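Chains as they are written, first to last, in our numbering: chain A, 1178 to 1389; chain B, 1178 to 1389.
Note that CB positions come from ideal geometry on N, CA and C, so glycine has one too.
No experiment lies behind these values; they were computed from the predicted model shown.
Protein chains: 2
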Amino acid sequence: MPNDGFLNSGEVSTVPEAPQRPPLRADARRNVEKLRQAAADAFSEHGLDTPLETIAKLAGVSVGTIYNRFGSRDALLDEVVNELADRQVRAAMAIADGTAGSAWEKLVAYVGAICQAQADDPAFNDAISRRYPNAPALKAVCDQSLAFATGLAAGARTEGALREDARMDDIARFFQVNGDLVRAGDDAGRRRVLALLFEGLRARAGSHPLPG
Amino acid sequence: MPNDGFLNSGEVSTVPEAPQRPPLRADARRNVEKLRQAAADAFSEHGLDTPLETIAKLAGVSVGTIYNRFGSRDALLDEVVNELADRQVRAAMAIADGTAGSAWEKLVAYVGAICQAQADDPAFNDAISRRYPNAPALKAVCDQSLAFATGLAAGARTEGALREDARMDDIARFFQVNGDLVRAGDDAGRRRVLALLFEGLRARAGSHPLPG
DNA sequence: TCGCAAGATGAAGGTAATCTCAACTTCACT
DNA sequence: AGTGAAGTTGAGATTACCTTCATCTTGCGA
């Protein structure tokens, strides 16, 4: 559950463009909850390609209900995976924050945590490394994650640990590459590639400049 | 069932288990050729997921003919893409051989050439970086490519340019990773990641050992 | 308890692909 | 030219998914 984190001075109206729908009936609310749970479970086990049929069955409802409650596959995906991804990203941030040492070490810890989460949870992996253009909330989580990494990277560069010509989108590519190796089922290789990339990213005398 | 060969006066049969089919009729031979060409063109333009319908239309025959001549999608794929991949791998080998300098430089040239070919030809990319388990001839080409790279890598390690704990399967992963970034359409990023990986692969004082 | 709007259902329709096979066409040999 | 085997054809079977909608069911206010 997203914690809004603000101790606001007065009441602020909810969201400006809230469509002001009538409240859901009790059974419908129950079904939404069951579907959310079922979708999260199924996605986390089988990835985001899980058929709606599977999710509906797991929730004990029919596929039609998914459409009644969420409108489309993409909407379900965006809503459910958003929460899931948000949780993972926050956990990784906590790990980075809890890492004593240099910004470089925090950066390594953060990227390592995200990559491990990709390996552990197919849904999360699909979410941050694959393209889901119709999932805006999901994109927001990814951006948030990258922004955090960017901050750490800036610190690491200042320290002189991260090479000067490293760019922020390089980090995004770590996740992309890691996700691909996860999908290939090559966990050992994944770790090696990650290690190689970090080695490449370190500032060093006599390193060749990166292209671009 | 061994064939007791000594009754056979002169000719030894070519391949032991050649099914000895009757020769194809002229029109069928023509169709095989048209299909090979069409498949190579279509695969190279759209990747190995091109539907058979597209290929059949391009060749001016019906899908049924593909099955009559090749037996299955995978068989067509194996046969056609094998040739295509073999050509690319040989070209890359020639580039490596034509590169003056150290084994490390040859290795970089070879891997770079393969990766560039992946970027230029979707069929080749799918062939060496994706899994096509039902394509044995294709797998052979990949193995051949890796064996060549392995030779160069051994030389580069002897020179002291390649880190001691680099392994041969690391090179295979370069192709996998590169292929993924090609598919993502991120050519600039692809080059940067490749550069980072090579930086990571260089022998250096004070580098961390790779996991595994 | 009743009525009805909200909600659930799942078969049917749509799409996009591989693969099959009975009916037709053509080659090549006499 | 005639004939039969070889070859081609393409609609249909099949699979696997998403999405819709007419019909049935149910929560809940009166």
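- The beta-bridge partner set that DSSP reports for residue 1379 (chain B) consists of B:1339.
- If you draw a straight line from the Cα of residue 1247 (chain B) to the Cα of residue 1320 (chain A), it is about 48 angstroms long.
- When only Cα atoms are considered, residue 1384 (chain A) and residue 1376 (chain B) end up about 7 angstroms apart.
- In summary, the residues of the stretch 1368-1383 of chain B whose CB is separated from some CB of chain A by less than 7 angstroms are 1368, 1369, 1370, 1372, 1373, 1374, 1376, 1377, 1378, 1381, in the order they occur in the chain.
- The beta-carbon of residue 1385 (chain B) is placed less than 9 angstroms from the nearest beta-carbon of chain A.
- In summary, the residues of the stretch 1338-1352 of chain A whose CB is separated from some CB of chain B by less than 8 angstroms are 1344, 1346, 1347, 1350, in the order they occur in the chain.
- For residue 1207 (chain A), the three-state secondary structure derived from DSSP is helix.
- Minimum Cα-Cα distance from residue 1297 (chain B) among the listed residues B:1245, B:1355, B:1386, B:1316 corresponds to B:1355.
- If you compare the alpha carbons of B:1228, B:1226, B:1236, B:1269 with that of residue 1206 (chain B), the shortest gap goes to B:1236.
- With contacts defined as CB atoms closer than 9 angstroms, residue 1229 (chain A) and residue 1250 (chain A) qualify as a contacting pair.
- Listed by position along chain A, the residues whose Cβ is nearer than 9 angstroms to that of residue 1388 (chain B) are 1365, 1368, 1369, 1371, 1372.
- By a beta-carbon distance limit of 8 angstroms, residue 1220 (chain A) contacts residue 1300 (chain A). Their separation comes to about 4 angstroms.
- Counting other Cβ atoms within 10 Å of its Cβ, residue 1268 (chain B) stays below 16 and is therefore classed as exposed.
- Counted as a single uninterrupted DSSP element, the alpha helix (DSSP H) harbouring residue 1306 (chain B) occupies residues 1299-1306.
- In the displayed model, residue 1385 (chain A) falls within coil according to three-state DSSP, outside both helix and strand.
- Not a single C-beta of chain B is nearer than 9 angstroms to the C-beta of residue 1296 (chain A).
- Exposed is the label assigned to residue 1198 (chain B), since fewer than 16 other Cβ atoms lie within 10 Å of its Cβ.
- Among the CB atoms of chain A, one or more fall inside 9 angstroms of the CB of residue 1308 (chain B).
- Counting only the Cα atoms, residue 1367 (chain B) lies some 18 angstroms from residue 1359 (chain A).
- Of the other Cβ atoms in all chains shown, fewer than 16 fall within 10 Å of the Cβ of residue 1222 (chain B); this residue is therefore exposed.
- Across the stretch 1225-1254 of chain B, no CB contact with chain A closer than 8 angstroms is found for any residue.
- Within 10 angstroms of the beta-carbon of residue 1227 (chain A) lie 16 or more other beta-carbons, which makes it buried.
- For residue 1270 (chain A), the number of other beta carbons within 10 angstroms of its own is at least 16, and it is reported as buried.
- Distances from the alpha-carbon of residue 1323 (chain B) to those of B:1272, B:1204, B:1348, B:1217 put B:1348 closest.
- For residue 1287 (chain B), the three-state secondary structure derived from DSSP is helix.
- When only Cα atoms are considered, residue 1387 (chain A) and residue 1282 (chain B) end up about 17 angstroms apart.
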